[in-house]
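So the structure is just underneath, and the comments pick up after that.
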Amino acid sequence: MKSLKLLLVEDDEDDYLITRDLLVDIFSDSFTLDWVHSPSDVEEEFKRNAHDICLMDYSLGAFNGLTLLWKSAELGFSAPIIMLTGQVDARLDSEALEAGAVDFLEKNDLNQTRLARAIRYAISRKEFESERAKRLSAEADSRFKNEFMAKLSHELRSPLTAIIGYTDIIIEKYTDPKLLGYQKIVRDNSEYLLKLINDVLNFTKNEPEIISYEKEPFLLCDMFDDLSKQMVVLIAEKPIKFKLNLIDPLPNIVISDKSRLVQILLNLLSNAVKFTEKGHVALICQQTKSNEGENEKRTLVIQVRDTGAGIPQDKIDTIFSPFNNTEQYDSSNQKGSGLGLSIANQLAQGLGGTIKVASTLGKGSMFTLELPVIEGKDDSIGEYRINSNKNTRKLDQKKILIVDDIDEIRELVGHILKHAGANISYAGDGLEAVKTVSNTEAPAYDAIILDLNMPNLDGFEAFNEIREIGYTNAFFALTGSTLLNEIEAANNSGFTAHISKPIDAEHLLDTISHFINQQDSNLQTVHKKIKAVAVVEDNDDARDAMTELLLHLDYE
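Here this note's numbering runs 20 ahead of the position in the sequence shown, where the first position is 1.
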């Protein structure tokens, strides 16, 4: 046990000497003892709150020790207090414990063993309560953080849904190649921003392990073509050049997570552009081969080189640490979140690769990404077309109610589902959804898509009320939050499935059509005729976007 600081409140010197000798026998020299005997001195010591434990006599002359015991917390004293008394009275014991004492000892029966046990128990109990308080505080902080992150996720992802949705409208509606090129850049960057937002949220939740990777075959040249187009935008306001050097032989098709790989390279390229004021930024790709026993190992080596500010040698080891702002090494005072390189490094590791850096201060830097090559076959990938599979799902004449308080989201979801043949109705919040279903024969809707975060009546409450009305068909939860506990809450509440914002058209159609078709098979229902579409959304931009999408498809 550590050296204890004890406070003894005792007005009898003989009792003080007896107690002190017992403490010496118990703790030897590993304690300090302060002795006070007047109420005013006791109050001053309580205000100092500098002791680990207090031994207090019940009777201090004409003064009752219980009064001081009641005042101890008010004076700021937080250590446990053991009451000592020369009287044998069970009532006093009860009063002392009620006033806050942790134990009550009779002086006539006091010995080394009893006093040692009481002190050690009091200190252990205090430490346990302190740890419990810290744990409860940490749990409360964690709950607050999760609630904040859920709100932040919803607020960030919802406007991105409108951006991506409107871009899709323009891409579908207009044919001007230059305009379509610009819109594709907007869409690609929006999707990149979405990935970045998700990863930042995961980093702040200290849950980077939940980042998912979807490895599929893609054309390597297409990826570099997309990056080249985005680099035109990145360097537009700087007098620097972008150089792309693809060194043959390179695989035509590779199997990896293209979006994550693009995210890594855009992080590295953006960082290079940020700290390069003259010269160039280069993107170089080549394939290397080495032998490991009888097996040949192929590695894709992608380098991002710049002629920028460079990084001091003593800082290179920390360059990939989270929240390490590289601008502190550069006199241009460029701003950044400090997460870009850390995210890139983590994503590279998730893809089975590594990132290395070499730099010379004042001359530039070179970041080298090395990934194992997994080559796909030529027939493993089809022709690239924007939203090429939208019409492969059949929702002919299916009646679906979309409930969301953001206009753009309702209209975008409606556009996607209407394009697959569905008949869409809308509600702007939970209350309106309940009224809509109440005014219609309950089974009329084949599916209801319901946002979980809405004013007036949230998604969970609306879900329960609509179920009580008698609606038994598919119910899909829609939310901008990616927190696992909210997804689990939706699943546990009885929702058919969960759909995340921003809306991925392919995933939305796959999910809705799968469960509706399964529902038809199980219930042997028949298709219903398409009726009028009601659009309900309190966000003007989202509402306008969805309206344009519906009108574009000749729906009323």
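Ideal Cβ placement from N, Cα and C applies to all residues, glycine included.
These figures come from a predicted structure and were not determined experimentally.
Per DSSP, cross-strand counterpart(s) of C74: L27, I101
- prompt: According to DSSP, is N537 helix, strand or coil?
  reply: helix
field: Residue from F340, T374, L371, Q333 whose Cα sits closest to the Cα of G382
entry: Q333
field: Reduced DSSP category for D471 - H, G, I as helix; E, B as strand; rest coil
entry: strand
task: Any chance you could list the alpha helix (DSSP H) runs of at least 4 consecutive residues sitting entirely within the stretch 298-350, in chain order?
output: none
- prompt: How big is the Cα-Cα spacing for G434 and L570?
  reply: 7 Å
query: Quick one: what's S379 bridged to in DSSP?
result: S385
task: Determine, using beta-carbon pairs with one atom in the stretch 511-519 and one in the stretch 372-386, whether at least three such pairs fall under 8 Å.
output: no
task: Assign H518 to one of three DSSP states: helix, strand, or coil.
output: strand
- prompt: Thinking C-beta only, is I205 closer than 8 Å to N287?
  reply: no
query: What is the DSSP secondary structure of L432, reduced to helix, strand or coil?
result: helix
- prompt: Going by the CB atoms, is the gap between A368 and I284 shorter than 8 Å?
  reply: yes
- prompt: So what does DSSP say about G402, is it helix, strand or coil?
  reply: Reliability fails at G402, whose pLDDT of 43 lies under 50, so the model's placement of it is uncertain and the value that follows must be treated cautiously. Looking at G402 - three-state DSSP - the assignment turns out to be coil, as it is neither helix nor strand.
field: Nearest-angstrom beta carbon gap, L213 and R177 [assumed within contact, 8 Å]
entry: The Cβ separation is near 10 Å, so there is no contact.
- prompt: Hey, quick one: how far does the beta strand (DSSP E) through L37 stretch, first residue to last?
  reply: Where L37 is concerned, there is no enclosing beta strand (DSSP E), although the alpha helix (DSSP H) it sits in stretches over 33-47.
query: Buried or exposed: D326, going by 16 or more other Cβ atoms within 10 Å of its Cβ?
result: buried
- prompt: The alpha helix (DSSP H) with L95 in it runs from where to where?
  reply: 85-95
query: Considering only the beta carbon of each residue, do V423 and A509 sit closer than 8 Å?
result: no
query: What are the start and end residues of the beta strand (DSSP E) that includes I420?
result: 419-423
N- and C-terminal bounds of the alpha helix (DSSP H) containing N265: Element bounds for N265: not the alpha helix (DSSP H) but the beta strand (DSSP E), 260-266.
Secondary structure of N287, DSSP reduced to three states: helix
query: Ordered along the chain, which non-local residues of its own chain (more than five positions away) have a Cβ less than 7 Å from that of L264?
result: F244, S248, L303
task: Would you identify the three-state DSSP class for N69, choosing helix, strand or coil?
output: coil
- prompt: First and last residue of the beta strand (DSSP E) that includes N443?
  reply: 443-447
Close-in-space but distant-in-sequence residues of the same chain around I336 (CB under 7 Å, 5 per side omitted): V377, S379
- prompt: Going by beta carbon distance, what residues of the same chain come within less than 8 Å of V274, once the five residues before and after it are set aside?
  reply: P237, F238, L240, L320, V393, I394, E395, G396
task: With 8 Å as the threshold, decide whether the Cβ of A482 is near any Cβ in chain D.
output: The structure shown contains no chain D; it is built from a single protein chain.
query: Closest by CA to E30, which one among L75, E576, E126?
result: L75
query: According to the neighbour-count rule (16 or more other Cβ atoms, all chains shown, within 10 Å of its Cβ), is N365 buried or exposed?
result: buried
message: For I426, list the residues DSSP reports as bridge partners.
response: Paired residue(s): none; I426 is not in a bridge.
- request: Take L472 as the anchor and find which of N511, N493, N459, K455 has the nearest alpha-carbon.
  value: N511
- request: Measure the Cβ-Cβ separation of E390 and G373 and say whether it is below 8 Å.
  value: yes
query: Are the CB atoms of E431 and T567 nearer to each other than 8 Å?
result: yes
L200 versus Y194: straight-line alpha-carbon distance, rounded: 7 Å
query: For I536 versus A467, is the C-beta spacing smaller than 8 Å?
result: yes
query: N362 lies in the alpha helix (DSSP H); which residues open and close that run?
result: Inspection of the sequence shows that residue 362 is occupied by Ser rather than by Asn. Counting along the chain, the alpha helix (DSSP H) containing S362 begins and ends at 360-370.
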